[in-house]
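Participant: Sharing a structure here in structure tokens format.
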């Protein structure tokens, strides 16, 4: 059974989606690859208390690593990329090539980028920490200004 709630954040509204009480989606307003709202289930704040607390602590600068349980729906390759994203430390970045190397497939940078773009739990699964090989910002489902703002925040050069 799916449920969802909408919360306010420094990034505008965030839609949280749970599958049997386990977080499976976190979507920003106007996010690329955002599923249809009809797939989010019934409105219910119940399953999201811990997630909301951790997001508030993150945006308050008090939390560096999320521990909420996740149920990530995707292909085995996508899930392996999302697992790698969760290993990127707060305030640090990795390139798509770095992730491909970590997965044991040097030629998979483009596939890593596609999987990164389909991340269903942005912010908590930190796809914003992935940059281009030359250090430049590249695609982000929430838009490059949001990505830059998240990176600046984590590096301590910006506040929410």
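In the working numbering, the protein residues as written are 578 to 737. Even glycine gets a Cβ: it sits at the ideal position worked out from N, Cα and C. The structure presented is a predicted model; accordingly, all values stated were derived computationally and were not measured.
Given residue 710, which residues of its chain have a CB within under 6 Å of its CB, disregarding the five upstream and five downstream residues?
Facilitator: In the chain shown, counting from the first residue as 1, residue 710 sits at position 133. Correct list, in chain order: 672 and 674.
Participant: Identify the residues that DSSP records as bridge partners of residue 684: which are they?
Facilitator: Taking the first residue of the chain shown as position 1, residue 684 is located at position 107. Residue 684 pairs with nothing; no bridge assigned.
Participant: Should residue 624 be labelled buried (16 or more other beta-carbon atoms within 10 Å of its own) or exposed?
Facilitator: Locating residue 624 in the chain shown gives position 47, counting from the first residue. It counts as buried.
Participant: Alpha carbon to alpha carbon, how far is residue 592 from residue 613? Give it in angstroms, no decimals.
Facilitator: Locating residue 613 in the chain shown gives position 36, counting from the first residue. Locating residue 592 in the chain shown gives position 15, counting from the first residue. Looking at the two C-alpha atoms, the distance is approximately 12 Å.
Participant: With a cut-off of 8 Å, do at least 3 Cβ pairs link the region 578–591 to the region 615–630?
Facilitator: Yes, the region 578–591 touches the region 615–630.
Participant: Which residues share a DSSP beta bridge with residue 620?
Facilitator: The sequence position of residue 620 within the chain shown is 43, counting from 1. 581.
Participant: In terms of DSSP beta bridges, what is residue 701 paired with?
Facilitator: Against the chain shown, residue 701 aligns to sequence position 124. Partner(s): none; residue 701 has no beta bridge.
Participant: Taking only the alpha-carbon atoms, compute the straight-line gap between residue 642 and residue 607 and give it to the nearest angstrom.
Facilitator: Your numbering for residue 642 matches position 65 in the chain shown. Your numbering for residue 607 matches position 30 in the chain shown. Rounded to the nearest angstrom, the two C-alpha atoms are 25 Å apart.
Participant: Anyone know if the C-beta pair for residue 717 and residue 726 falls short of 8 Å?
Facilitator: Along the chain shown, one-based indexing puts residue 717 at 140. Along the chain shown, one-based indexing puts residue 726 at 149. Contact: no.
Participant: Give every residue of the same chain whose Cβ lies closer than 8 Å to the Cβ of residue 781, excluding the five residues on either side of it in the sequence, and list them in chain order.
Facilitator: The chain is shown only over 578 to 737; residue 781 falls outside these bounds and no answer can be derived.
Participant: Take residue 589 as the anchor and find which of 720, 682 and 703 has the nearest alpha-carbon.
Facilitator: Translated into positions along the chain shown, residue 589 becomes position 12. It is 720 whose Cα lies nearest to the Cα of residue 589.
Participant: Give me, in chain order, the residues of the same chain whose beta-carbon lies closer than 7 Å to that of residue 695; leave out the 5 immediate sequence neighbours on both sides.
Facilitator: Looking up residue 695 in the chain shown gives position 118. These residues qualify, in order along the chain: 610, 651 and 655.
Participant: Excluding five sequence neighbours on each side, which residues of the same chain lie with their C-beta closer than 7 Å to the C-beta of residue 714?
Facilitator: As a first step, residue 714 is located in the chain shown; it is residue number 137 there, counting from the start. Excluding sequence neighbours, residue 714 sits near 708, 721, 724 and 725.
Participant: By alpha-carbon positions, which one of 728, 621, 598 and 706 ends up nearest to residue 658?
Facilitator: Numbered from its first residue, the chain shown carries residue 658 at position 81. Residue 658 has its Cα closest to that of 706, out of 728, 621, 598 and 706.
Participant: Could you tell me which of 595, 597 and 636 sits nearest to residue 585, measuring between CA atoms?
Facilitator: As a working note, residue 585 is residue 8 in the chain shown. Checking every option, the nearest Cα to that of residue 585 belongs to 636.
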